[in-house]
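Below is one structure, written out as structure tokens, with a few remarks after it.
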Amino acid sequence: MNEPPLPSFGPNLDPGPSFVDLLRRVAPHSVPSNAGGDGAVPVDVVHGTTVLAIRYAEGVVMAGDRRAVAGMTIASRRIEKVFPADDHSGVAIAGAAGPAVDMVRLFQVQLEHYEKIEGEGLSLEGKANQLSQLVKANLPAAMQGFVVVPLFAGYDERRERGRVFSFDVTGGRYEETDFQAHGSGGVHARNWIKAGWREAMSADDATELALRALFAAADEDAATGGPDLVRRIFPTVARIDAGGFVGLDGAAVEQLADQLLGGREEGAGL
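If you read the sequence shown in numbering that gives the first Met the number 0, its first letter stands for residue 0, the second for the next number, and so on.
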């Protein structure tokens, strides 16, 4: 079967390294819409809930619970909310799950496309700016109830440190000093992290704090999934440092969670 020819552009029409601009020219239906709607709020949209990022001495830990809800119903117990953006950065999603996953996929392709066209990757701030534009493009849908608020973090190879960025629904981008949490249980997770975070934490300590924060959020927020000891479902956790993005093995997360929960049962707290 013959494949369709690759698109070609004149000197003044070349979209350059922007994959989004390329889509606007060849497949505009694939770009987040700027068109408004009738303002009706959708019913029972599947939402991902609590995600967080914590800076430690050599990088950043990102984590998310596994629950997605649709109204008062649990829509999924095993949703993934933490994704690699490229080799040294990651993105975690909170909000309307469908548009959020589409945004992550488009973001991943945009970063890969830029690197192939320019011969080098964007800076970490440049990546955050690209994601900010995607969030901004989703604003009309957000006004109808399809809110997507990602969390972005990575290892800055130029500064040799981890960095965390958050966004608001309008696409505003904000760098966080040490940590951030989004989603329905975000305020509870942030309070727990604030009490336990310290400068120059190790990766293991930051991972433990991330799990404790998610478990604490699940205690207070019904939309946040706690550790499921029957189905053996535990949070998704990833570390990003000079070696790149590494998702922790499920068995390792399960073992650490079991240790923390064991301490809780013995009266040591979360």
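Where a beta carbon is used, it is the ideal one built from N, C-alpha and C, also for glycine.
In terms of residue numbering, what span does the alpha helix (DSSP H) encompassing Pro98 cover? Counting along the chain, the alpha helix (DSSP H) containing Pro98 begins and ends at Ala96 to Glu117.
So, at 7 Å on beta carbons, what are the nonlocal neighbours of Pro83 in its own chain, with the 5 sequence-adjacent residues on each side left out? Gly89 and Phe244
Using only the alpha-carbon positions, how far apart do Tyr55 and Met200 sit? 5 Å
For Asp85, which beta-bridge partners are listed by DSSP? Ser88
Less than 9 Å separating the beta-carbons of Ile53 and Ala209? yes
Determine, using beta carbons only, whether Leu123 and Tyr154 come nearer to each other than 9 Å. At a Cβ-Cβ threshold of 9 Å, Leu123 and Tyr154 count as neighbours.
Taking the straight line between their C-alpha atoms, what separation do you get for Ala74 and Ile232? 15 Å
Excluding the 5 residues flanking Ser131 on each side, which residues of the same chain have their C-beta closer than 7 Å to its C-beta? Phe166, Gly170 and Arg172
Among Gly184, Gln254 and Val163, whose alpha-carbon lies nearest the alpha-carbon of Leu178? Residue identity differs from the one stated: residue 178 is Phe in this sequence, not Leu. Out of Gly184, Gln254 and Val163, Val163 has the C-alpha closest to the C-alpha of Phe178.
So Thr223 and Ala62 are supposed to be a Cβ contact under 8 Å. How far apart are they, rounded? With 8 Å as the limit, Thr223 and Ala62 do not qualify as a contact, their Cβ atoms being about 12 Å apart.
Just to check, is the beta-carbon of Glu111 closer than 8 Å to a non-hydrogen atom of the ligand GTP? As far as ligands go, the structure on display features none, and thus does not contain the ligand GTP.
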